[in-house]
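0 is the number of the first residue of the sequence shown in numbering that gives the first Met the number 0; add one for each residue after it.
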Amino acid sequence: MNNSLTHAISILNTSYKHALEFGVFKGATLRQIKSSVLPDMKVFGFDSFCGLPEDWVLQDGRIIKAGAMNAGEIPGIDGVEIFDGWFKDTIPVYLEKAQPIALLHVDCDLYSSTKEVLWGLNDFILPGTIVVFDEWVYCHEKQFDDHEQKAFYEWVKAQDRECEFVKFMDTSVCGEERKIVRILK
């Protein structure tokens with residue numbers, strides 16, 4: 000159970016009807032999202048199901064190689080639409096049906112992938128959208144802003160966005176790595 004997601008879902012703007020997860024892996028958090036949001040909310044999952052698109056350098060210098068974290072198969076989750084492929088290819092397909100996003104779960108680990116998500120969905124990330132980052136503090140240059148966090152701050156600046164961090168202490172496994180953000184502008 001991801002406590003950050005549970006809390007984020009409890010504070011959603013329910014006038015928005017789309018919940019998206021980027022980085023599905025085996026589907027555990029996507030199932031949590033689907034079972035927790037209102038029944039009229041549409042849930043979408045995005046993943047290549049081929050593992051990471053590039054190497055991921057961790058804060059201790061270890062490298063998780065491209066292709067790692069490959070779940071091997073697409074999880075079947077009732078009531079969830081899965082977009083199978085790289086984000087750069089699947090986001091444009093989603094945009095054909097896109098609506099304002101209530102919940103955006105960013106679990107794509109890498110700077111490049113997070114950047115693709117934020118820029119690709121920019122027009123549907125609106126005031127009230129809740130974004131949950133799963134690897135907010137992963138870094139390899141001791142700056143705490145090398146991956147998801149770096150992409151987020153660049154997006155905020157480039158798109159003239161405003162946000163607030165939702166105060167929440169996540170005591171679940173790896174909870175200290177997560178961050179909940181409410182978009183204000």
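Where a beta carbon is used, it is the ideal one built from N, C-alpha and C, also for glycine.
Bear in mind the structure is a predicted one, so any value in this text is a computation, not a measurement.
{"Check": "Length of the line joining the Cα atoms of Gly-50 and Asp-169", "Outcome": "26 Å"}
{"Check": "Cβ neighbour criterion (16 or more within 10 Å) applied to Lys-114", "Outcome": "buried"}
{"Check": "Through-space distance from Trp-118 to Arg-160, alpha-carbon basis", "Outcome": "12 Å"}
{"Check": "Under 8 Å between C-beta atoms of Val-131 and Arg-177", "Outcome": "yes"}
{"Check": "Whole-angstrom distance between Pro-126 and Ile-100, CA atom to CA atom", "Outcome": "10 Å"}
{"Check": "Tyr-93: CB within 7 Å of a non-hydrogen atom of the ligand ATP", "Outcome": "As far as ligands go, the structure on display features none, and thus does not contain the ligand ATP."}
{"Check": "Minimum C-alpha distance to Ser-35 - residue among Leu-120, Thr-13, Gly-84, Gly-22", "Outcome": "Thr-13"}
{"Check": "Residues that Ala-18 bridges to, as DSSP identifies them", "Outcome": "Val-42, Leu-102"}
{"Check": "Sequence ranges, alpha helix (DSSP H) only - wholly within the region 21-81, length at least 4", "Outcome": "27-35"}
{"Check": "Option nearest Lys-16 by Cα separation, candidates Ile-8, Gly-22, Val-23", "Outcome": "Ile-8"}
{"Check": "Test item: CB-CB of Leu-29 and Glu-20 under 8 Å", "Outcome": "yes"}
{"Check": "Any 3 or more C-beta pairs closer than 8 Å across the region 38-47 and the region 79-87", "Outcome": "yes"}
{"Check": "CB contact flag (Ala-70, Asp-54, <8 Å)", "Outcome": "no"}
{"Check": "Host alpha helix (DSSP H) of Ile-8 (start-end)", "Outcome": "2-9"}
{"Check": "Residues bridged to Asp-83 (per DSSP)", "Outcome": "Asp-46"}
{"Check": "Residue range of the alpha helix (DSSP H) that includes Phe-151", "Outcome": "147-157"}
{"Check": "Sequence-distant residues of its chain with Cβ nearer than 7 Å to Trp-135 (five each side left out)", "Outcome": "Glu-147, Gln-148, Glu-176, Arg-177, Lys-178"}
{"Check": "Pairwise C-alpha distance: Met-68 and Val-56", "Outcome": "14 Å"}
{"Check": "Val-116 classed as buried or exposed, judged by whether at least 16 other C-beta atoms fall within 10 angstroms", "Outcome": "buried"}
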